[in-house]
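Residue numbers (the UniProt record's numbering): 1 to 747. In what follows, a structure is listed as structure tokens, so that the remarks can point back to it.
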């Protein structure tokens, strides 16, 4: 076998061998050393007792594997047995099925028996069930019997044995322990081999001696279409049935002459026969205890037979008999076929009924199925199958659920200079009245500090990148240049981001800004809640404008004045709890963190010298200003930050099922049938290791979206519902108490 392997691999004579083959060769050389210690007796039995032997039988064992096949012969008396001769062969290089190898082993055993027969009673043991002509001719008047594989010494010829186990191996040198006792011989029923028992009949010559033959194993398995076709490879019932019909036609055509074969399109009868074939196969595999009961193999009636009143129809398939025999219904509706709920065929039938009836719901699908089939727990199973319908999920499927809100980003919680981290967004359009009594569009550009929640409002004429850059310059000149800007993915902001990067990367700007630069961070597309800290202030600003202006259209200067007052009002809004007790300190506002006081009123009363300060008083006032700012910073840290916990809500679902490779629909404002399809390419995890954003591949390129805007059209293994589980029957507590009392009384 090792040499054959080397020939198959086509190694050259000077080519180094792989480590696996070298290891095999090393083990073989070690085993060969044990061959020097093997002793084979000259006599089969002890010479002193040879005169006591009246009869002896020759038993031959055969076996095969994918690597080799062989046979061995034993001389057996009433008390002893001994090895006579053995032969084995390497399996052919050309791939051969195991049944054919068994035939070759049986043929080799037949030839060995013909060579060794010297007594009246001959015994053979083999793994093969069908015997060829040469075996019959060389072994007339023989009876084949069954022998287990673990007791077959010929098995050692086909699979090998180590040298240490071979020395003094009783199975090899003397055969099975039961070989000398005929009462212990393994039994075997001939009807378990093939349907045509005549194949195993060997003619007996009345003048010939009686001979005995044993078989090593039982090979026949229950035949069914599932042995030829793998139903798991089919996603459509129509395809499965048509392929099955063609397979059955091919088998029938092989039995006919070429002129009598059927070559036309499939007929209705062929389709019905293929469907019935699958129903019978599934019923036999899933309800074998029912078949055993009806075949009189067992006497205990299965519970499902009593529950559904099962019986065999004319087509040899299980049907259910109810109490509607006299109803004006089709025979299939009154006596439907029984199908197991969890089988693949049942799933295909349910999906086919769902598609053929225009993707109706659960109730309609169940109604149509019950016209032909009876499926236990059908409603629960239909719900599971319909969830996997791609077309239905495209129309009525739900989006992925968002997880719990993540921890607030550190830029919102760190104590830093106001507007170090700034959110920016546009609002509008708004209309202003020109001097010639015409109207023009203007827009609001809002800058928000992420930590102090202060706002800065700028009025711009349009949404172009140059206009925004001018507004940003005005903002930076008043509030200082931020280190991080956060915004959505508006084209204006993306262009401005490239412009700012270009400016900050130039040598002149770097020298003027020293080490200060501005980074730009874009939130996920179509996810405005990712920028909630500035979207909220956009809403407050719009509300103030509606309350102040209403439907009036004012000129540009008036609108600028109103926006400036709104900015002051928003910066004076309280960030902490507003107490009704006058003795409590006033609530903290963004103005306190910006200036150390509220904008709408002076923080300090007029001094007695009417504003004329001595230098020492001025120094005290500067120190007082610092103390006030520090005081407000401490209040921001301990009052405002801790109050943020009050607004936390855990309403999400942290059991996420989205995965790379999922096919999804991207939510859009258009009709759902026109939503674009995309494939998930990357999962973006947050600081809490949860997924809220993914990167997608569409036909136009890559983009990103929040998972709540994605609608899966396929059910993956994590999201799919668990299979049906039979729940234990629940009883009322009163019934349980009554049963317990009855047991107590009857004791």
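For glycine and all other residues, C-beta sits at the position ideal for the given N, C-alpha and C. If you're wondering where the values come from, they're calculated on a predicted model, not measured in any experiment.
Original post:
Can you tell which of 28, 228 and 58 has its C-alpha closest to the C-alpha of residue 164?
Top reply: That would be 28, whose Cα lies nearest to the Cα of residue 164.
Subject >> Euclidean distance between Cα positions of residue 361 and residue 379 >> reply: If I take the Cα positions, the gap works out to 11 angstroms.
Subject >> Whether residue 154 touches residue 239 by CB criterion (8 angstroms) >> reply: Note that the C-beta distance between residue 154 and residue 239 is not below 8 angstroms.
Subject >> DSSP state of residue 15 mapped onto helix, strand, coil >> reply: Assigned with DSSP and collapsed to three states, residue 15 falls in coil, not helix or strand.
Subject >> Run of the alpha helix (DSSP H) containing residue 658, from where it starts to where it stops >> reply: Counted as a single uninterrupted DSSP element, the stretch harbouring residue 658 is not any alpha helix (DSSP H), since DSSP gives it neither H nor E.
**OP:** Give me the Cα-Cα distance between residue 98 and residue 701, rounded to the nearest whole angstrom.
**Re:** One C-alpha to the other measures close to 54 angstroms.
Original post:
CB residue 112 to CB residue 85, shorter than 8 angstroms?
Top reply: A contact, by the Cβ cut-off of 8 angstroms.
Subject >> Close beta carbons around residue 267, own chain, < 7 angstroms, minus the five adjacent residues each side >> reply: Its chain contains no residue whose beta carbon lies nearer than 7 angstroms to that of residue 267 once the 5 sequence neighbours on both sides are disregarded.
**OP:** Can you check DSSP and say which residues form a bridge with residue 704?
**Re:** DSSP output for residue 704 lists 695 as bridge partner(s).
**OP:** Could you give the DSSP three-state label for residue 345: helix, strand or coil?
**Re:** In this structure, DSSP gives residue 345 a helical state, which the three-state scheme calls helix.
Original post:
Do residue 488 and residue 425 have their C-beta atoms closer together than 8 angstroms?
Top reply: Yes, these two residues count as a Cβ contact at 8 angstroms.
Original post:
What runs of the beta strand (DSSP E), each 3 residues or longer, lie entirely inside the segment 537–602?
Top reply: Counting whole runs of 3 or more residues, the segment 537–602 contains no beta strand (DSSP E) stretch at all.
Original post:
What's the call for residue 698, buried or exposed, on a 16-neighbour Cβ count within 10 Å?
Top reply: Exposed, since its Cβ has fewer than 16 Cβ neighbours within 10 Å.
Original post:
Quick one: is residue 326 buried, meaning 16 or more other Cβ sit within 10 Å of its Cβ, or exposed?
Top reply: Label assigned to residue 326: exposed.
Original post:
Measuring CA to CA, which of 398, 599 and 483 is closest to residue 709?
Top reply: Distances from the CA of residue 709 to each of 398, 599 and 483 were compared; the closest alpha carbon is that of 398.
Original post:
On the premise that residue 172 lies in contact with residue 83, defined as a C-beta separation below 8 angstroms, what is that separation, rounded to the nearest angstrom?
Top reply: So it is a contact: roughly 7 angstroms between Cβ atoms.
**OP:** Helix, strand or coil for residue 521, going by three-state DSSP, please let me know.
**Re:** Looking at residue 521 - three-state DSSP - the assignment turns out to be strand.
Original post:
Taking just the CA atoms, how far does residue 576 sit from residue 589?
Top reply: The straight-line gap from Cα to Cα measures roughly 8 angstroms.
**OP:** May I have a chain-ordered list of the alpha helix (DSSP H) segments no shorter than 4 residues that lie completely inside the segment 443–500?
**Re:** Segments of the alpha helix (DSSP H) lying fully in the segment 443–500: 465–479.
Subject >> Exposure label - residue 429; buried when at least 16 CB within 10 Å >> reply: Residue environment: residue 429 is assigned as exposed (fewer than 16 neighbouring CB atoms within 10 Å of its CB, all protein chains considered).
Subject >> For residue 400, three-class secondary structure by DSSP >> reply: In the structure shown, the three-state DSSP call for residue 400 is coil.
Subject >> Close Cβ partners of residue 104 (< 6 angstroms) along its chain, the five nearest in sequence each way excluded >> reply: Once the five neighbours on either side are set aside, the close Cβ partners of residue 104 are 69.
Original post:
What residues are listed by DSSP as bridge partners for residue 748?
Top reply: Residue coverage of the chain in this structure runs from 1 to 747, which leaves residue 748 outside it and unanswerable.
Original post:
For residue 2, does the three-state DSSP call read helix, strand or coil?
Top reply: Helix, per DSSP.
**OP:** Assuming residue 384 and residue 366 form a contact by the criterion Cβ under 8 angstroms, report the distance between their Cβ atoms to the nearest whole angstrom.
**Re:** Not confirmed; about 13 angstroms, so no contact.
Original post:
Going straight from the alpha carbon of residue 456 to that of residue 597, what length do you get?
Top reply: Cα to Cα, the separation comes out at about 17 angstroms.
**OP:** Sort out for me which residues DSSP pairs residue 685 with in a bridge.
**Re:** Residue pairing of residue 685 in beta bridges, as defined by DSSP: 691.
Subject >> 8 angstroms CB neighbourhood of residue 232 in its chain, flanking five on each side removed >> reply: 344, listed in sequence order.
Original post:
Is there contact between the segment 686–693 and the segment 401–414, where contact requires at least three CB pairs shorter than 8 angstroms?
Top reply: With the rule of 3 Cβ pairs closer than 8 angstroms, the segment 686–693 counts as touching the segment 401–414.
Subject >> Residue environment, residue 662, which counts as buried when at least 16 other CB atoms sit within 10 Å >> reply: By the neighbour-count rule (16 or more Cβ atoms within 10 Å), residue 662 is buried.
**OP:** Take every Cβ of the segment 370–378, pair it with every Cβ of the segment 328–340, and state whether three or more of those distances are shorter than 8 angstroms.
**Re:** The answer is yes - the segment 328–340 touches the segment 370–378, with three or more Cβ pairs under 8 angstroms.
Original post:
So, helix, strand or coil for residue 725, using DSSP?
Top reply: At residue 725 the pLDDT is 43, less than 50, meaning the model places this residue with poor confidence and gives no usable figure here.
Original post:
Where does residue 250 land, buried or exposed, given buried means 16+ other C-beta within 10 angstroms?
Top reply: So residue 250 ends up on the exposed side.
Subject >> Neighbourhood of residue 330 by C-beta, 8 angstroms cutoff - its chain only, sequence neighbours within 5 removed >> reply: Result list for residue 330: 371, in chain order.
Subject >> Cβ contact check for the segment 472–486 and the segment 414–423: 3 or more pairs under 8 angstroms >> reply: The segment 472–486 is in contact with the segment 414–423.
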